[in-house]
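If you read the sequences in order, they're chains A and B.
Mapped onto the numbering used here, the consecutive letters of the first sequence carry residue numbers 168 to 423.
Mapped onto the numbering used here, the consecutive letters of the second sequence carry residue numbers 17 to 30.
Note that the Cβ used here is the ideal one computed from N, Cα and C, for glycine as well.
Down below is the structure, laid out as structure tokens.
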Amino acid sequence: MLEGKFEEASLLKKVVESIKDSVQLCNFVCSEHGITVQAVDDSRVLLVSLLIGNEVFSDYRCDRNITLGVDLKSFAKIIRCGGNDDYLTLIAEDSPDSVTLVFEDKNSDRISEYSLKLMEIDNEFLKIDDMDYDSVIKMPSIDFQKICRDLSTLSESLQILITKDSIKFMAEGETGNGSVILKPRTDIDKPEQSITVKLNNAVNSTFGLKYIADIVKGTSLSNQIVIKISNRTPALFEYKLQSGYLRFYLAPKFED
Amino acid sequence: SPMQKKIYNYFVTS
Chain A
168 MLEGKFEEAS LLKKVVESIK DSVQLCNFVC SEHGITVQAV DDSRVLLVSL
218 LIGNEVFSDY RCDRNITLGV DLKSFAKIIR CGGNDDYLTL IAEDSPDSVT
268 LVFEDKNSDR ISEYSLKLME IDNEFLKIDD MDYDSVIKMP SIDFQKICRD
318 LSTLSESLQI LITKDSIKFM AEGETGNGSV ILKPRTDIDK PEQSITVKLN
368 NAVNSTFGLK YIADIVKGTS LSNQIVIKIS NRTPALFEYK LQSGYLRFYL
418 APKFED
Chain B
17 SPMQKKIYNY FVTS
């Protein structure tokens, strides 16, 4: 049986809002370690990988592995019914055909209970090995979101160039071009404002902004985004959770 | 314009 209690419903709300436009049907695999999701978008360009570690929950038990096949659009509708500050408990039997969500308002005795029917979802699981990346950058997630939104007004593609002392984001379109250059900086008072670059090799990669627009929906999950890039392989965009992560693997675009 | 690669070109099904 699964019983996982979040101190605040807002975390799961944010997670679901962050991925529901990338993938619709996905299996939430629950184990003693927490809840994981892996799913690929319909165009098979973007892979979502989520781990909500058991330490995120104020109470968590899951005796044996349980798979919850969830339609995220329906899940999002139910989860919006709860208040952000409510306790939220997910409950499921061992071979469930539904999952129960219990919201408890902390300021009153109100308890709201919803159940969502589960689906049989047949998805392949991709094996993702740890890779050495040419470059790893860490920067404020909100800045990355703004840069991508600004440049998406010009082009469908975002070019990212990384050298040891700068990160350059570029977009070239029919109406004009744009670029934003960032330099590494350490902010001691506000570490979340820092920008770091770790470089093994200089990087020049191009990505579809349509996918990046979905990735930046994870911005509210973490102050910082970690971007790991190698030339000609999928980039990893990561928002860290208190325990776990939301990762997006995005296949690059390139000239043949 | 550049070609969009698929994620399956890089990761294998386990």
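Whether residue i touches residue j by CB criterion (8 Å)
i, j, result
"residue 366 (chain A)", "residue 302 (chain A)", "yes"
"residue 212 (chain A)", "residue 418 (chain A)", "yes"
"residue 386 (chain A)", "residue 312 (chain A)", "yes"
"residue 254 (chain A)", "residue 336 (chain A)", "no"
"residue 291 (chain A)", "residue 243 (chain A)", "no"
"residue 227 (chain A)", "residue 248 (chain A)", "no"
Close-in-space but distant-in-sequence residues of the same chain around residue i (CB under 6 Å, 5 per side omitted)
i, result
"residue 216 (chain A)", "205, 414"
"residue 407 (chain A)", "389"
Distance, residue j Cα to residue i Cα
i, j, result
"residue 294 (chain A)", "residue 23 (chain B)", "12 Å"
"residue 230 (chain A)", "residue 192 (chain A)", "25 Å"
"residue 314 (chain A)", "residue 340 (chain A)", "15 Å"
"residue 201 (chain A)", "residue 223 (chain A)", "9 Å"
"residue 347 (chain A)", "residue 334 (chain A)", "8 Å"
"residue 361 (chain A)", "residue 399 (chain A)", "27 Å"
Coil, strand or helix - residue i by DSSP
i, result
"residue 351 (chain A)", "coil"
"residue 21 (chain B)", "coil"
"residue 311 (chain A)", "helix"
"residue 206 (chain A)", "strand"
"residue 316 (chain A)", "helix"
"residue 378 (chain A)", "helix"
"residue 275 (chain A)", "coil"
"residue 187 (chain A)", "coil"
CB contact below 8 Å: residue i versus chain C
i, result
"residue 416 (chain A)", "Going by chain labels, chain C is absent from the structure shown, which instead holds the protein chains A and B."
Own chain residues within Cβ distance below 7 Å of residue i, not counting five before or after
i, result
"residue 257 (chain A)", "169, 171, 266, 268"
Any chance the stretch 316-330 of chain A sits against the stretch 363-382 of chain A, with 3 or more Cβ pairs inside 8 Å? Put simply, the stretch 316-330 of chain A touches the stretch 363-382 of chain A. At least three CB pairs are less than 8 Å apart.
Below 8 Å, can you find three or more Cβ-Cβ pairs linking the stretch 229-239 of chain A to the stretch 284-303 of chain A? By the Cβ test, the stretch 229-239 of chain A is in contact with the stretch 284-303 of chain A, since at least three Cβ pairs between them sit closer than 8 Å.
Segment contact, 8 Å Cβ cut-off, at least three pairs: the stretch 390-398 of chain A with the stretch 180-199 of chain A: Taking 8 Å as the limit for Cβ pairs, the verdict is that the stretch 180-199 of chain A does not touch the stretch 390-398 of chain A.
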